[in-house]
Each structure stands twice: as structure tokens, then as C-alpha cells.
Amino acid sequence: MKKEQNNSKKRRMERVISALKKDKIAIISLIFLAFIIIISLIAPLLPMDPNKTDVMNMLTPPSKEHWFGTDEVGRDYLARVIYGGRVSLLVGVLAMLASVFIGVTVGTISGYCGGIV
């Protein structure tokens, strides 16, 4: 029985990978999302400080030094976007965990009570 389940999971995964290989936009989207997640997670290791002010570079347009430009107090927009991504990822993960907790709780109570809930 266990071997059949493993084979079924393996076949399902092979079908998913095969379908993914055929869809170039899905591959590009997956790579882009992975890149954003990785950059957001390693943000503290990057040399950019989102709160560092530089009054000599206030409101500068995008350049080699500041790819997204700077704001009215000279903070780098790119650094702020990367650190903002960390907050967005945290909110998403916490929302997912909360919904799993609620779903498991309601499902368990419903199963225990015979589907009344």
C-alpha cells in the first residue's frame, strides 16, 4: 500500500513538472518569485540600509548608485522596497498559518461532532 502511494505521488509530480516545462510563462514567473523571496530573505546581509539618510542625494532619479532613486530625505528606494518585501512575506506567512489553524480547528470539531459545525 505504501509503495502504491509513493508511485502515485511520483507520477503526479512528474505530470506537474511536465506541464510546467511546457509553460514558459509559468517557469519565468516561478523564477521571478523565487528571486524576490530570496532577495527579501537575505536583505539583512545586503550592504543597503533602508533608513540611512543622505541629504546630498535627496530626490535623485534612478542611477548606478541608486537603482530606484532616492526619496525626499535621501533614502534609497530599492533598499526600502527590499525590506518592505520582508514585511509582506511575513504577513502572507502569518495569514496562511492562521487560516490553516482555523481550518484544522473547525475541521476537527466538525469531524468530532459528526458534521454539525
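So the sequence shown is residues 841 to 957, counted in my numbering.
We put the beta carbon where it would ideally sit given N, CA and C, even for glycine.
query: Would the beta-carbon of Arg929 fall within 9 Å of that of Ile877?
result: Looking up residue 929 in the sequence shown gives position 89. Looking up residue 877 in the sequence shown gives position 37. First, the amino acid is wrong: residue 929 is Leu here, not Arg. Yes. Within cutoff.
- prompt: Buried or exposed: where does Arg915 fall if 16 or more other Cβ atoms within 10 Å of its Cβ makes it buried?
  reply: Taking the first residue of the sequence shown as 1, we reach residue 915 at position 75. So Arg915 counts as buried.
query: Beta-carbon separation of Leu918 and Trp907 under 9 Å?
result: For the purposes of this step, residue 918 is identified with residue 78 of the sequence shown, where counting begins at 1. For the purposes of this step, residue 907 is identified with residue 67 of the sequence shown, where counting begins at 1. Against a cut-off of 9 Å, the Cβ pair of Trp907 and Leu918 comes out as a contact.
field: Closest residue to Met888 among Ile949, Leu860, Val921 (Cα-Cα distance)
entry: Walking along the sequence shown from the start, residue 888 turns up at place 48. Among Ile949, Leu860, Val921, the Cα nearest to that of Met888 is on Val921.
task: Thinking Arg926 and Ser880 are a contact (beta carbons under 8 Å), I'd like their distance in whole angstroms, please.
output: Along the sequence shown, one-based indexing puts residue 926 at 86. Along the sequence shown, one-based indexing puts residue 880 at 40. Contact flag correct, Cβ pair sits at about 5 Å.
- prompt: If Ile867 and Leu860 are in contact, beta carbons under 8 Å, what's the gap, nearest whole angstrom?
  reply: Translated into positions along the sequence shown, residue 867 becomes position 27. Translated into positions along the sequence shown, residue 860 becomes position 20. So it is a contact: roughly 6 Å between Cβ atoms.
- prompt: Hey, quick one: how far does the alpha helix (DSSP H) through Arg915 stretch, first residue to last?
  reply: In the sequence shown, counting from the first residue as 1, residue 915 sits at position 75. That residue, Arg915, is in no alpha helix (DSSP H); it is neither H nor E in DSSP.
- prompt: Around the C-beta of Thr910, are 16 or more other C-beta atoms found within 10 angstroms, so that it is buried, or is it exposed?
  reply: Within the sequence shown, numbered from 1, the residue matching residue 910 stands at position 70. Buried: at least 16 other Cβ atoms inside 10 Å.
query: Does the distance from the CB of Tyr923 to the CB of Pro890 come in under 9 Å?
result: On the sequence shown, residue 923 is found 83 positions in, with the first residue counted as 1. On the sequence shown, residue 890 is found 50 positions in, with the first residue counted as 1. Result yes, Cβ atoms of Tyr923 and Pro890 sit closer than 9 Å.
- prompt: Nearest-angstrom Cα distance between Ile942 and Ala874?
  reply: The count along the sequence shown starts at 1 and reaches residue 942 at position 102. The count along the sequence shown starts at 1 and reaches residue 874 at position 34. Approximately 28 Å between the Cα atoms of the pair.
- prompt: Apart from the five residues on each side of it in sequence, which residues of its chain come closer than 7 Å, Cβ to Cβ, to Arg851?
  reply: Working through the sequence shown from its first residue, we reach residue 851 at position 11. Hits under 7 Å: none found.
message: Going by DSSP in three states, Met898 sits in which element: helix, strand or coil?
response: Counting from one through the sequence shown, the residue named residue 898 turns up at place 58. Residue state, collapsed to three classes: coil.
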